[in-house]
Amino acid sequence: MRSLYTIMLRLALPLILLRLWWRGQREPGYRQGVTERLGIYATEKPEKLVWIHAVSVGEARAAAPLARALQAEFPDHAMLLTCTTAAGRETLKQLWGESVLSSYLPYDFPEAVQGFLQHFRPRLGVLMETEVWPNLLAACAASAVPVLLANARMSEKSARGYRRWRALAAPAFGSLAAVCAQSRDDAERLARLGAAGVEVTGNLKFDVEPDAAKLAAGRDWHGRLRRPVLLLASTREGEEQLLLDALPEWDGRLLVVVVPRHPQRFDEAAQRADVRRSRSEVPGEKHRIYLGDTMGEMPFYYGACDVAVIGGSFAPLGGQNLIEALAAGAPVVLGPSMFNFAEATRLALEAGAAIQVEDAAAAIRESVKLLASPQKREQMSAAGKKLCESHRGATERHLAVCRRLLTGRAPG
């Protein structure tokens with residue numbers, strides 16, 4: 003089955019490269035490092051190296067506590083962080099600068115992943131969340147590189163998809179050295195797909211501390227405005243229109259801050275905005291809609307808002323990270339589609355830190371109610387912070403697994 007998968011992947015290579023070029027029109031980062039995606043590298047080759055793969059922005063941020071813990075635990079090992087998206091690579095630069103090695107992960111061709119492994123020779127691989135690639139994992143197993151699936155999640159929808167390709171998926175899951183699952187449900191689904199050594203270790207995203215300086219800057223910005231602020235956070239295509247069209251008639255005070263999930267959509271979202279943050283730090287009194295078109299500033303936006311509506315949840319996309327908002331103390335309103343954060347959503351709803359609604363119109367109605375109720379917002383804010391504090395500790399549990407895999411590995 004893996005041979006057929008590889009043939010299909012080879013046939014698709016021209017289209018894959020064409021898509022890279024096309025995406026590079028809006029995000030130049032996709033036209034950089036193309037040889038890395040083919041397993042050709044010019045970077046240094048440290049003697050000892052730990053490798054973490056985080057596909058994009060959310061995973062890169064979630065991996066940060068574990069990466070720092072591994073650096074402290076194994077200071078004689080270099081750290082390599084790989085990603086797939088241009089935005090992910092930019093996030094790695096923002097978080098780490100030149101203190102780690104960074105690269106694109108190669109496409110899942112046998113020769114590309116072999117080139118990657120021969121160049122970097124990692125002593126441990128850590129794949130974040132759901133990055134299961136058949137040829138990559140087969141090559142790691144053949145090279146005796148233990149691979150941990152970290153912060154692993156598996157929705158029922160995704161599990162059904164993998165079951166349809168069981169002959170391809172089962173060997174890949176079975177070759178993992180260990181799995182750290184976010185919840186018991188995730189662990190059970192992963193085990194049924196063929197993963198062994200599955201442990202429930204919690205969600206690393208609870209261990210990510212909001213940037214204190216940016217959080218404080220956001221709160222100061224809000225104080226200077228002296229206006230209620232509704233944040234539409236990490237919105238995806240089509241969601242801005244749904245949410246903005248549901249707004250009530252403007253009262254002359256409410257400021258709606260829109261922060262699209264992907265930077266390539268900033269110009270599109272700007273068509274509905276009165277002003278952009280990149281051009282005006284503080285909106286004027288007559289500005290109603292403010293576009294957050296800056297990267298790496300989500301703590302600022304969460305600190306600046308009174309209520310946060312989490313995007314990616316009003317289309318069947320599985321939602322975006324609500325934990326970051328909860329940790330910042332923002333009262334959270336969610337749409338119906340949060341399957342990528344099912345456990346965190348359940349916990350937030352049970353704690354009274356979030357409200358989940360059936361559609362965009364209901365999200366705006368609930369947000370307006372919250373804006374009119376300072377006491378309710380304070381209760382939700384306190385509940386969110388308490389929830390995050392009580393669920394920290396996933397990093398240490400992940401580190402224990404990494405320690406076991408690294409120290410149990412024969413040198414080579």
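Residue 414 is where the sequence shown ends in the numbering used here, and the numbering goes up by one at each step. C-beta atoms are modelled at their ideal positions from N, C-alpha and C, and glycine is treated no differently. Just so it is clear, the structure is predicted and the values come from calculations on it, not from any experiment.
Assuming methionine 297 and glutamate 92 make a contact with CB atoms under 8 Å, what is their CB distance in whole Å?
-> 6 Å
Identify every residue that forms a DSSP beta bridge with tyrosine 292.
-> Val259, Val277
C-alpha distance - valine 231 paired with cysteine 307, whole-angstrom precision | 5 Å
Could you tell me which residues DSSP puts in a beta bridge with glutamine 358?
-> Leu336
Helix, strand or coil for alanine 412, going by three-state DSSP, please let me know.
-> With a pLDDT of 43 at alanine 412, under the threshold of 50, the predicted position of this residue should be treated as unreliable, and no value is reported.
What is the rounded straight-line gap between the Cα of glycine 414 and the Cα of leucine 139?
-> Residue placement at glycine 414 cannot be trusted, given a pLDDT of 40 that sits under 50; what the coordinates show is reported in the next sentence. Rounded to the nearest angstrom, the two C-alpha atoms are 18 Å apart.
Roughly how many angstroms lie between the CA atoms of isoleucine 357 and serine 383, to the nearest whole one?
-> 12 Å
Between the CA atoms of arginine 367 and glutamine 243 - distance to the nearest angstrom | 15 Å
For proline 265, the nearest candidate out of Asp253, Leu256, Leu257, Arg278 (CA to CA) = Arg278
Can you pull the DSSP bridge partners for glycine 127?
-> Trp53, Val149
Got a sec, what are the start and stop residues for the alpha helix (DSSP H) leucine 139 sits in?
-> 136-144
Give the single residue among Tyr164, Ser104, Leu249 whose Cα lies nearest to the Cα of threonine 132.
-> Tyr164
Taking the C-alpha atoms as reference points, what is the distance between phenylalanine 302 and asparagine 205?
-> 23 Å
Runs of alpha helix (DSSP H) wholly within the region 99-128 (minimum 4 residues, chain order) = 112-122
Helix, strand or coil at methionine 300 [DSSP, three-state] | helix
For isoleucine 18, count neighbouring C-beta atoms within 10 Å of its own C-beta (all shown protein chains included) and say buried if the count is 16 or more, exposed if not.
-> exposed
According to the neighbour-count rule (16 or more other Cβ atoms, all chains shown, within 10 Å of its Cβ), is proline 212 buried or exposed?
-> buried
Look at the alpha carbon of leucine 15 and the alpha carbon of leucine 103, and state the distance between them as a whole number of angstroms.
-> 26 Å
Buried or exposed: where does leucine 20 fall if 16 or more other Cβ atoms within 10 Å of its Cβ makes it buried?
-> exposed
CB-CB under 6 Å to alanine 332, same chain, minus the five flanking residues each way: which ones, in chain order?
-> Tyr304, Cys307, Ala310
Through-space distance from glutamine 184 to glycine 90, alpha-carbon basis = 22 Å
Simplified DSSP assignment, three categories, for glutamate 201 | strand
Spatially closest choice to valine 335 from Leu373, Gln377, Pro318, by CA coordinates = Leu373
Would you please state the rounded distance, in angstroms, between the beta carbons of serine 369 and glycine 314? I believe it to be under 8 Å.
-> Not confirmed; about 17 Å, so no contact.
Measure the CB-CB distance between histidine 79 and arginine 123 and report whether it falls below 8 Å.
-> no
Starting from leucine 234, follow the beta strand (DSSP E) in both directions and report where the run begins and ends.
-> 231-237
Below 8 Å between beta carbons: does that hold for methionine 81 and valine 52?
-> yes
Contact set for leucine 256: own chain, Cβ-Cβ below 6 Å, skip 5 residues either direction = Pro230
Residues of its chain near alanine 248, where Cβ-Cβ distance is below 7 Å and the 5 sequence neighbours each way are ignored | Ala362, Ala363, Ile366
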